[in-house]
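Peer 1: 132 is the number of the first residue of the sequence shown in the working numbering; add one for each residue after it.
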Amino acid sequence: MTFAMKKDSGNENGRNGEMKIAFIASDSPEAEEARKELIARYGGTPAGEADYIVALGGDGLMLLTMHRFLSTGKRIYGMNRGSVGFLMNDYSPDNLPARLKAAEMTTIHPLRMVAEDIQGHEHEALAFNEVSLFRQKHQAVKLRISIDGQVRMKELVCDGLILATPAGSTAYNLSAQGPILPINSPLLALTPISPFRPRRWRGAILPKEALVRIDVLEAEKRPVAAVADNREYRDIRAVDITQDESIGARLLFDPGHSLAERVINEQFQF
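1. Which same chain residues, not among the five before or five after F265, have their C-beta less than 6 angstroms away from its C-beta?
2. By how many angstroms is the C-alpha of L305 removed from the C-alpha of A178?
3. Which runs of the beta strand (DSSP E), 3 residues or longer, sit entirely within the region 178–207?
4. Please state whether DSSP places P338 in a helix, a strand or coil.
5. The alpha helix (DSSP H) with L169 in it runs from where to where?
6. In chain order, which beta strand (DSSP E) runs of at least 3 residues are fully inside the region 255–290?
7. Any idea what DSSP makes of E397, helix, strand or coil?
8. N211: buried (16+ other C-beta within 10 angstroms of its C-beta) or exposed?
9. Among the candidates G216, E261 and D366, whose CA atom is the shortest distance from the CA of H388?
10. With DSSP as the reference, label H388 as helix, strand or coil.
11. For the putative contact between L321 and L342, defined by C-beta atoms under 8 angstroms, what is the C-beta separation to the nearest angstrom?
12. Classify S377 as helix, strand or coil using the three-state DSSP reduction.
13. Out of I314, N315, E351 and A295, which has the shortest C-alpha to C-alpha gap to I324?
14. Please classify S325: does DSSP put it in a helix, a strand, or coil?
15. If you count every other CB in all the chains shown that lies within 10 Å of the CB of I395, and 16 or more means buried, which is it?
16. Hey, is the region 227–237 in contact with the region 256–276, meaning 3+ C-beta pairs nearer than 8 angstroms?
17. Cutting at 7 angstroms between CB atoms, please list the residues of its own chain near V347, excluding the five before and the five after it.
18. Assuming the contact rule is C-beta atoms closer than 8 angstroms, A171 and A153 should be a hit. Round their C-beta distance to whole Å, please.
19. Does the CB of T203 have a neighbour CB from chain B at under 8 angstroms?
20. Taking the C-alpha atoms as reference points, what is the distance between L390 and V288?
Okay, structure coming up:
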């Protein structure tokens, strides 16, 4: 799945004194309309010079923005102009500078995936939500799971496997019947997709320091794709995954609507 972003706002000076804000929008009409309205009210700064990045769209746009500005340390404030918007704040064009100043910050560290394909090529990618392995054909895949160098499951027959961060535990992981993890918990969720053998295995909760290795058994007969957020690599033989604590995206949320609160609230939604 791919997502598009509109060009950064281009008024270099802005209208908020020392507060330099860049506005980024998805390609939806609602997001673009919001971007134009906010620039008209508050001006805008090119993203490279901004103190704050305001992302207008849905969770897909937010993930793209997190990846794009990961190395900069810029604070990212999302407003929902998409569908679910779990990582976004409610949209309102009013009092934006005050909202930015009052916002609470959560730092999210990504998973780092190194995948080897059947030709021996390595592919490296980061994932804020999850790293997933999927079957590419009609046959179920066979996977071997090792944690910190020790084989924990010799053979898992399934449609796929997910390793999710706390931030990603309410996304695809939850849809696959995985556990919801508190946002500040030092944990990762390992969740199978449609397990066939062992049929009753529902996954595991791992410490964030764990080195997870997934070997694909019969990789040529039963091909597997590895996906880190929205980056996909096919015909994979093995994947190593660990959380990278040295880098992180800085997300801002309105008081009382923090990501931690949303994760708790999600557990009581039916």
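Note that the Cβ used here is the ideal one computed from N, Cα and C, for glycine as well.
Peer 2: Quick look at the numbers:
1. Your numbering for residue 265 matches position 134 in the sequence shown. Excluding positions up to five away in sequence, the list reads G291 and A356.
2. By 1-based counting over the sequence shown, the position of residue 178 is 47. By 1-based counting over the sequence shown, the position of residue 305 is 174. Cα to Cα, the separation comes out at about 33 angstroms.
3. 183–188
4. Position 207 of the sequence shown holds residue 338. In this structure, P338 counts as strand in the three-state DSSP scheme.
5. As a first step, residue 169 must be located in the sequence shown, where it is residue number 38. P160 to Y173 is the span of the alpha helix (DSSP H), which, as asked, contains L169.
6. 261–266, 272–278 and 281–289
7. The count along the sequence shown starts at 1 and reaches residue 397 at position 266. Of the three classes helix, strand and coil, the one that applies to E397 here is helix, per DSSP.
8. Working through the sequence shown from its first residue, we reach residue 211 at position 80. With 16 or more other Cβ atoms within 10 Å, it is buried.
9. In the sequence shown, the residue the question calls residue 388 occupies position 257. Comparing Cα-Cα distances from H388 to each of G216, E261 and D366, the minimum goes to G216.
10. Start at 1 with the first residue of the sequence shown, and residue 388 comes out as number 257. Three-state DSSP puts H388 in coil, outside helix and strand.
11. Walking along the sequence shown from the start, residue 321 turns up at place 190. Walking along the sequence shown from the start, residue 342 turns up at place 211. Actually they do not touch by this definition, with Cβ atoms about 12 angstroms apart.
12. In the sequence shown, the residue the question calls residue 377 occupies position 246. Coil, per DSSP.
13. Working through the sequence shown from its first residue, we reach residue 324 at position 193. Comparing Cα-Cα distances from I324 to each of I314, N315, E351 and A295, the minimum goes to A295.
14. Walking along the sequence shown from the start, residue 325 turns up at place 194. Three-state DSSP puts S325 in coil, outside helix and strand.
15. In the sequence shown, the residue the question calls residue 395 occupies position 264. Flag for I395 reads exposed.
16. no
17. As a first step, residue 347 must be located in the sequence shown, where it is residue number 216. Excluding positions up to five away in sequence, the list reads V272, L274, V355, I367, R368 and A369.
18. For this step, residue 171 is matched to residue 40 along the sequence shown. For this step, residue 153 is matched to residue 22 along the sequence shown. About 15 angstroms separates the two Cβ atoms, so there is no contact after all.
19. The structure shown contains no chain B; it is built from a single protein chain.
20. Translated into the one-based positions of the sequence shown, residue 390 becomes position 259. Translated into the one-based positions of the sequence shown, residue 288 becomes position 157. About 34 angstroms.
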